[in-house]
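Notes to accompany the following structure.
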Amino acid sequence: MGSSWGEQASISAAMVVVEKQMNSKILPQLRSLRRNYIGSVDTSLPVFPPQRAYGLDRRPWPPKLSESEDLVLCHNDLSTQNIFVDPGTFQIVGIIDWEFAGFFPPYFELPLWREITWDGGRKMYEDARPRSLEFFGLKHEDLH
């Protein structure tokens with residue numbers, strides 16, 4: 082989204098169109114893909130938690146099953162830099178950087194696309210970090 086969004090006036094228009102698409106198409110499609118194990122799409126890989134947790138502790142985390150959580154596919158970095166839009170219509174034409182994608186509770190997908198600057202995204206990460214760590218049974222002090 083970043084470079085293809087254009088001037089400030091068109092950024093506002095793009096934000097409206099992208100928000101609508103995220104809620105009506107992209108998120109429902111991701112959430113329709115479900116699994117009972119936490120983490121990477123490939124079950125042979127270790128869990129790659131969202132960057133807000135993983136960035137603080139880079140050890141490999143083993144995959145684990147969930148008997149109670151409803152796990153859906155999350156991209157985990159749907160920021161404006163990772164969403165490409167058509168500059169004429171503002172329709173989403175591509176989403177990149179899937180390295181932190183995996184199956185997690187729906188609340189793991191932060192609405193980073195609503196923030197043009199990284200400051201807003203950073204605040205979302207900080208606010209979400211305790212809940213994300215709690216999901217993995219961790220506290221901030223547990224991280225290396």
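Using the working numbering, the first residue of the sequence shown is number 82, and each one after it goes up by one.
Glycine included, C-beta positions come from ideal geometry on N, C-alpha and C.
- In the DSSP assignment, G201 falls within the unbroken alpha helix (DSSP H) covering W199 to F216.
- Residue burial annotation: S213 is buried, with at least 16 other C-beta atoms found within 10 angstroms of its C-beta.
- Note on the region 156-193: whole beta strand (DSSP E) runs with a minimum of 3 residues are 164-166, 173-176 and 183-185, in chain order.
- With a beta-carbon spacing of about 4 Å, F181 and N157 fall inside the 8 Å limit used to define contacts.
- In the structure shown, the three-state DSSP call for V122 is coil.
- For the pair T124 and L224, the Cα-to-Cα distance works out to about 24 Å.
- Sixteen is the threshold: when 16 or more other Cβ atoms of the shown chains lie within 10 Å of the Cβ of L154, as they do, the residue is buried.
- At the C-beta level, A95 and F171 come within 7 Å of one another.
- By the criterion of a C-beta distance shorter than 6 Å, W179 is surrounded by no residue of its chain, once the five residues flanking it on both sides are discounted.
- In the three-state scheme derived from DSSP, where H, G and I count as helix and E and B as strand, L224 is classed as coil.
- Comparing alpha carbon positions, the residue from P109, W199, H221 and P186 closest to S121 is P186.
- Close CB contacts of N163 within its chain, under the 7 Å cut and outside five residues either way in sequence, are with I176, I177 and D178 (chain order).
- For S160, the CB contacts under 6 Å within the same chain, skipping 5 residues up- and downstream, are L193 and G202 in chain order.
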